[in-house]
Structures are given as C-alpha cells and as structure tokens.
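Q: Order-wise, the sequence lines are chains A and B. If you want this note's numbering, it's the 1-based position in the first sequence plus 37. If you want this note's numbering, it's the 1-based position in the second sequence plus 37. No residue lacks a Cβ here, since even glycine has one placed at the ideal position from N, Cα and C.
2 protein chains.
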Amino acid sequence: MVASRPGGRTARVRADVLRAAGDLLAEQGFAQLDLGEVARRAEVGRTTVYRRWGTAIALVTDLLIDMAEQSLPRSRTGDLDQDLRANARLVQRTLADPRQGPLFKAIIAGATWDEGAATALRTFYRTRVGEWSPCVAEAVERGELPAGTDPAAVIQAVSAPLYYDLLITGRVPDEPAADRAANAAALAARAGAFVDLAGHAVETSDIERPA
Amino acid sequence: MVASRPGGRTARVRADVLRAAGDLLAEQGFAQLDLGEVARRAEVGRTTVYRRWGTAIALVTDLLIDMAEQSLPRSRTGDLDQDLRANARLVQRTLADPRQGPLFKAIIAGATWDEGAATALRTFYRTRVGEWSPCVAEAVERGELPAGTDPAAVIQAVSAPLYYDLLITGRVPDEPAADRAANAAALAARAGAFVDLAGHAVETSDIERPA
DNA sequence: ACCATAACGGTACTCCCGTCCCCTTAACGT
DNA sequence: ACGTTAAGGGGACGGGAGTACCGTTATGGT
Numbered sequence: 038m039v040a041s042r043p044g045g046r047t048a049r050v051r052a053d054v055l056r057a058a059g060d061l062l063a064e065q066g067f068a069q070l071d072l073g074e075v076a077r078r079a080e081v082g083r084t085t086v087y088r089r090w091g092t093a094i095a096l097v098t099d100l101l102i103d104m105a106e107q108s109l110p111r112s113r114t115g116d117l118d119q120d121l122r123a124n125a126r127l128v129q130r131t132l133a134d135p136r137q138g139p140l141f142k143a144i145i146a147g148a149t150w151d152e153g154a155a156t157a158l159r160t161f162y163r164t165r166v167g168e169w170s171p172c173v174a175e176a177v178e179r180g181e182l183p184a185g186t187d188p189a190a191v192i193q194a195v196s197a198p199l200y201y202d203l204l205i206t207g208r209v210p211d212e213p214a215a216d217r218a219a220n221a222a223a224l225a226a227r228a229g230a231f232v233d234l235a236g237h238a239v240e241t242s243d244i245e246r247p248a
Numbered sequence: 038m039v040a041s042r043p044g045g046r047t048a049r050v051r052a053d054v055l056r057a058a059g060d061l062l063a064e065q066g067f068a069q070l071d072l073g074e075v076a077r078r079a080e081v082g083r084t085t086v087y088r089r090w091g092t093a094i095a096l097v098t099d100l101l102i103d104m105a106e107q108s109l110p111r112s113r114t115g116d117l118d119q120d121l122r123a124n125a126r127l128v129q130r131t132l133a134d135p136r137q138g139p140l141f142k143a144i145i146a147g148a149t150w151d152e153g154a155a156t157a158l159r160t161f162y163r164t165r166v167g168e169w170s171p172c173v174a175e176a177v178e179r180g181e182l183p184a185g186t187d188p189a190a191v192i193q194a195v196s197a198p199l200y201y202d203l204l205i206t207g208r209v210p211d212e213p214a215a216d217r218a219a220n221a222a223a224l225a226a227r228a229g230a231f232v233d234l235a236g237h238a239v240e241t242s243d244i245e246r247p248a
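1. Assuming contact is defined by CB atoms lying nearer than 7 Å, are residue 199 of chain A and residue 129 of chain A in contact in what I supplied?
2. How long is the line joining the alpha carbons of residue 195 of chain B and residue 164 of chain A, rounded to whole angstroms?
3. Less than 7 Å between CB atoms is the rule here; does residue 149 of chain A satisfy it with respect to chain B?
4. Verify the CB distance criterion: does residue 228 of chain A have a CB-CB separation below 7 Å to chain B?
5. Hey, quick one: how far does the alpha helix (DSSP H) through residue 227 of chain A stretch, first residue to last?
6. I'd like the list of long-range same chain contacts for residue 146 of chain A, defined as Cβ closer than 7 Å, with 5 residues on each side in sequence excluded.
7. Please list, in chain order, the chain A residues whose beta carbon lies closer than 9 Å to that of residue 91 of chain B.
8. For residue 108 of chain B and residue 91 of chain B, what's the separation of their Cα atoms in angstroms?
9. Please list, in chain order, the residues of the stretch 174–196 of chain B that have any C-beta partner in chain A closer than 9 Å.
10. Going by DSSP, what residue range makes up the alpha helix (DSSP H) through residue 163 of chain A?
11. Counting contacts by CB-CB distance shorter than 7 Å, is residue 144 of chain A in contact with chain B?
12. Suppose you measure from the CA of residue 72 of chain B to the CA of residue 58 of chain B; what does that come to, to the nearest Å?
13. May I have the straight-line CA-CA distance separating residue 151 of chain A from residue 94 of chain A, to the nearest angstrom?
14. Return the chain-ordered ranges of every beta strand (DSSP E) run that is complete within the stretch 46–109 of chain A and spans a minimum of 3 residues.
15. Find the nearest neighbour of residue 219 of chain B within the set B/89, B/139, B/116 and B/206, judged by alpha-carbon distance.
16. Would you say residue 75 of chain A and residue 133 of chain A are within 7 Å of each other, going by their C-beta atoms?
17. Between residue 182 of chain B and residue 143 of chain B, which are expected to be in contact by the criterion C-beta below 8 Å, what is the C-beta distance as a whole number of angstroms?
18. Can you find the residues in the same chain that come closer than 6 Å, C-beta to C-beta, to residue 125 of chain B, ignoring five residues on each side of it along the sequence?
19. For residue 27 of chain A, does the three-state DSSP call read helix, strand or coil?
20. Who are the neighbours of residue 205 of chain A on chain B, taking C-beta pairs under 9 Å?
21. Leaving aside the five residues before and after residue 119 of chain B along the sequence, list all residues of the same chain whose C-beta is less than 8 Å from its C-beta, in chain order.
22. Could you name the residues of the stretch 115–133 of chain A whose beta carbon sits closer than 8 Å to any beta carbon of chain B, in the order they occur along the chain?
23. Could you tell me whether the Cβ of residue 67 of chain B comes closer than 7 Å to any Cβ of chain A?
24. Using 7 Å as the threshold, is the C-beta distance between residue 197 of chain B and residue 161 of chain B below it?
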C-alpha cells in the first residue's frame, strides 16, 4: 500500500509550476495570473495545475510557503537602533524585490478574501516576528527600553509604515523610508509607547512594572 | 442636442446598484461579489451594470468615491494627543464598520492590481491626510513638536499600525489599538522622528553616517 | 525485477461570465 | 406638449475557465 508519493516527478512538477507562477507574477502581476498560462510555461498538464492548486490564490499561497522555507537569520548587533534598522531594511528589500514584491502584494490582497492565504500570511509573520522579537527583548534587558515593552509590537511598528506605503500610497518603500520607520519605532519604544499594561499605556513616563 | 443625462432614472439606478453592491460586500465579501447578483438585488438590468461599471473592482471603486463625498470634519481640540487620538479612532471605526470595513479591504486589495482602484484610493487618502495635517502643523506652531516636522508623515504614522493589523495580522483593530497607535505616533513625533531634513533625521540618538 | 497505484496529461464537455443586438423607457431641450 | 436620443432592459450568443473522464507514466514498496 502506498500512501503518497512526494518524490521525483511530483516534486519536479511542483518546482516547475511554482517557478513559472513566480515568473508570471513578476512579469504581469496577480490580476493576469492565469492557471492555463502557468501550465504552459511550466510545460505541465493544465489538468495537473487545476487538480493540485485549483485557484490562482492557492498557487500564490504555496509560493509563499515555499519561499518561507529559506528564511534569513536576524542580525545580532547588540544595539537596538541597528537591529531595528536591519529589520526594516530586510522588509524594505523584500517589498521592493521584483519577484517577492508582487508575491507579497498578491498574498496580502488575497488574504482579504481567501482563508488559506490569510492563514499562510499570518503563519509567515508569526515566524518572522518571533525571530526578531529577541532584539527588543534584549534591549529591554540591557535597559535601553522600559520594562514591560512588548517586543512583537515594536517589530510590527517597524514594518507597518512600509506596508502602508506599499499598499495605500502605492509607493514602493526605499531605504531611507526603512531607516525612518526603524527610527520612529525606536524613539516611540524608548518613550514607552509599547509598554503593555492591563490598562492603557498612556502614562509614557512612570513605568515600573517588571514582568 | 443632449450631451448627457445624469438626472432622474440614471441617478436612481446608480444609487440602487451601489446600495446593492454595498450590501453584498458586507454580507459575503469581495470574492463573492458577482455583477449578475448585484443587478438582481438592485432590480436593475444585468446589461446596465456591465455597461456602466464592467467589473467588480470598478463597482467597488465607485462605491468608495460615493462614500468619500460624505466626509467628516476633523476635530480641533488644540491638543496634539487628543487630535491624533480622534483621528485614530475615526480610522478604527471606519475599518471596523460592517459596511465600510469590507469596502476598504476590497479597495486596498484591488488597488494592488487595478489602476482605477489605486487612483481612487490615493485620492481618498490625499484628501483625508490633507484634512488632518493642520492638527500637526498647529502643534508645531505651538511648540509641541520640533520645527520641520512633516505633518502628513505623522498622520500616516497614526494609521499605519491599524492597517497593518487589518491586512497582515487579520485582526480588526479596536479602540485601545487606535489609542496605542495615536500615542506611539505622538511620542515619536515629539522625539523628532518625522523631521524631514535633507539628510537623515536621526539627530536624536547616536548614529554613524555610512560613508 | 515486478506490481499496485499515486500522480500526470490529453481531450471532450459543461457551464456561466461577459458581450451583442435591438427594442423600450424616460430625460431634457424647445 | 412633443420630439430627440441618452440610457436602461431582455434575451440570445460566444468564448473561455474549470471539470470529468480515462489512458499513460513512473514512484515506491516488496
């Protein structure tokens, strides 16, 4: 009895299809992503693409999952500003990348209506944020940031303006924008904007609640 | 000779179609927005919907334009924190609204691949940001914020985390989230994060210039 | 080496989205 | 009020996306 066959041909087909989908995504964008054309470019049966993925957003979701497996290690400079700037620049380079940029735009758009895309996106960012949070946690331990600062909130605060530019203003963020985002997050964090108490975190100064 | 006829029936048809589209958007989301069903719900000819709008994203775009005409006046409390919090709460309520929330999600998603949606979205936010920027400009004049602070950047910094939550983490922002966003932006602004000089705006903390 | 079968690939088919055609309705000028 | 003609509505049509069917390939266990 054979349960499944992920090896050999199946793996090659998946790789071919994902590469073709990534090419088309970079060339024409998500709106023009036609499964039939993907099959042609991948030199694969049209039926196969429909059977294994079924929809364009499912294909793009698989593309993200595939990409997520090659994750870069975070920086460890021991300095909050440098770490946050490194993080911001990583995000910025990703969004500006001719292949990854369109992929993320497609996934984010798809996540607004497709549950699979939304799940993959959240999983991806949970991993990413979890990977970079220690930068902030260590800064708290060093006394660079007030006790009780929420590491995940700081990391997300770095990314937020970059995504805002990409999605709302339609301007792909550049490196100065990344540095500004990192700087703003660092300054806000130092001022205690990301201290998570039970109540509101609007006292800014008097914070002395160790975990 | 008659050039155009925007009155009477035409206006009524537009109103009926937009209302039906908004209903369906709120009920089923953008993915299920079928022009045929919109026509049925609006009790309007299917041909008419296709002739005047053509695509679902064009319909949603018109919906945004229609909604933008009823814009709320900004608050003028004379206090930066209160103004920014009012702005954040306005954005939060919009995104959490059962009708406007799905609309914005659809428009933002559509703007990643449809030029018309992107233009409408940018126009909408240019108006919104321009309307609220005086809050920041006045705070600069009062000396609450450093000279050279970019008003638009501050306003956008308030919104960015809320959109990040909505689109990336998939969590619709609540009122505490709005207050946190406003607070973080205010603290960063006071620390000079949004001063736009020719070079880098990182005078606040130690920084090395990179060659 | 051999077999059972997971997975692929080609083709025919279906169904429905979007368009076309043409008649009907009702704005707007006079 | 009356005529001209934008604009709307019904129905038929075409095309292409997605599916069903079934034969073919090659994987993985024995």
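A: In this structure, then:
1. What you label residue 199 of chain A is simply residue 162 of the first sequence in a count that begins at 1. What you label residue 129 of chain A is simply residue 92 of the first sequence in a count that begins at 1. It is a contact, given that the beta carbons lie within the stated cut-off.
2. The residue labelled residue 195 of chain B in the question sits at position 158 within the second sequence. The residue labelled residue 164 of chain A in the question sits at position 127 within the first sequence. Cα to Cα, the separation comes out at about 25 Å.
3. Within the first sequence, residue 149 of chain A is the residue found at index 112, counting from 1. At a cut-off of 7 Å between C-beta atoms, residue 149 of chain A counts as an interface residue with respect to chain B.
4. Your numbering for residue 228 of chain A matches position 191 in the first sequence. At least one CB atom of chain B sits nearer than 7 Å to the CB of residue 228 of chain A.
5. Your numbering for residue 227 of chain A matches position 190 in the first sequence. Per DSSP, residue 227 of chain A is one residue of the alpha helix (DSSP H) stretching across 212–227.
6. What you label residue 146 of chain A is simply residue 109 of the first sequence in a count that begins at 1. Once the five neighbours on either side are set aside, the close Cβ partners of residue 146 of chain A are 67.
7. Within the second sequence, numbered from 1, the residue matching residue 91 of chain B stands at position 54. Simply none; closest approach about 14 Å.
8. By one-based count along the second sequence, residue 108 of chain B stands at place 71. By one-based count along the second sequence, residue 91 of chain B stands at place 54. Computed Cα separation, rounded: 27 Å.
9. For the stretch 174–196 of chain B, the set of positions with a beta-carbon nearer than 9 Å to some beta-carbon of chain A reads 190, 193, 194 and 196 in chain order.
10. Residue 163 of chain A sits at position 126 when you count from the first residue of the first sequence. 152–179 is the extent of the alpha helix (DSSP H) around residue 163 of chain A.
11. Residue mapping note: residue 144 of chain A aligns to position 107 of the first sequence, counting from 1. So no, residue 144 of chain A is outside the interface.
12. Indexing the second sequence from 1 puts residue 72 of chain B at position 35. Indexing the second sequence from 1 puts residue 58 of chain B at position 21. Cα to Cα, residue 72 of chain B sits roughly 8 Å from residue 58 of chain B.
13. The residue given as residue 151 of chain A occupies position 114 in the first sequence. The residue given as residue 94 of chain A occupies position 57 in the first sequence. C-alpha separation (whole angstroms): 8 Å.
14. Listed in chain order, there is nothing to give.
15. As a position in the second sequence, residue 219 of chain B is number 182, starting the count at 1. Looking only at B/89, B/139, B/116 and B/206, the smallest Cα-Cα distance to residue 219 of chain B is reached by B/116.
16. Residue numbering aside, residue 75 of chain A sits at position 38 when the first sequence is read from its first letter. Residue numbering aside, residue 133 of chain A sits at position 96 when the first sequence is read from its first letter. With contacts defined as CB atoms closer than 7 Å, residue 75 of chain A and residue 133 of chain A fail to qualify as a contacting pair.
17. Mapped onto the second sequence, residue 182 of chain B falls at position 145. Mapped onto the second sequence, residue 143 of chain B falls at position 106. In this structure residue 182 of chain B does not touch residue 143 of chain B by the C-beta definition: roughly 35 Å separates them, more than the 8 Å allowed.
18. Residue numbering aside, residue 125 of chain B sits at position 88 when the second sequence is read from its first letter. Around residue 125 of chain B: 195, 215, 218 and 219.
19. Since the first residue of chain A shown is 38 and the last is 248, residue 27 of chain A is not available in this structure.
20. The residue labelled residue 205 of chain A in the question sits at position 168 within the first sequence. Residues of chain B passing the Cβ test: 145, 148, 158, 159, 162, 193, 196, 197 and 200.
21. Taking the second sequence and counting its residues from 1, the one referred to as residue 119 of chain B is at position 82. Around residue 119 of chain B: 112.
22. Those would be 118, in chain order.
23. As a first step, residue 67 of chain B is located in the second sequence; it is residue number 30 there, counting from the start. It does: the Cβ of residue 67 of chain B has a partner Cβ on chain A nearer than 7 Å.
24. Looking up residue 197 of chain B in the second sequence gives position 160. Looking up residue 161 of chain B in the second sequence gives position 124. Taking the C-beta atoms as reference points, residue 161 of chain B is found no nearer than 7 Å to residue 197 of chain B.
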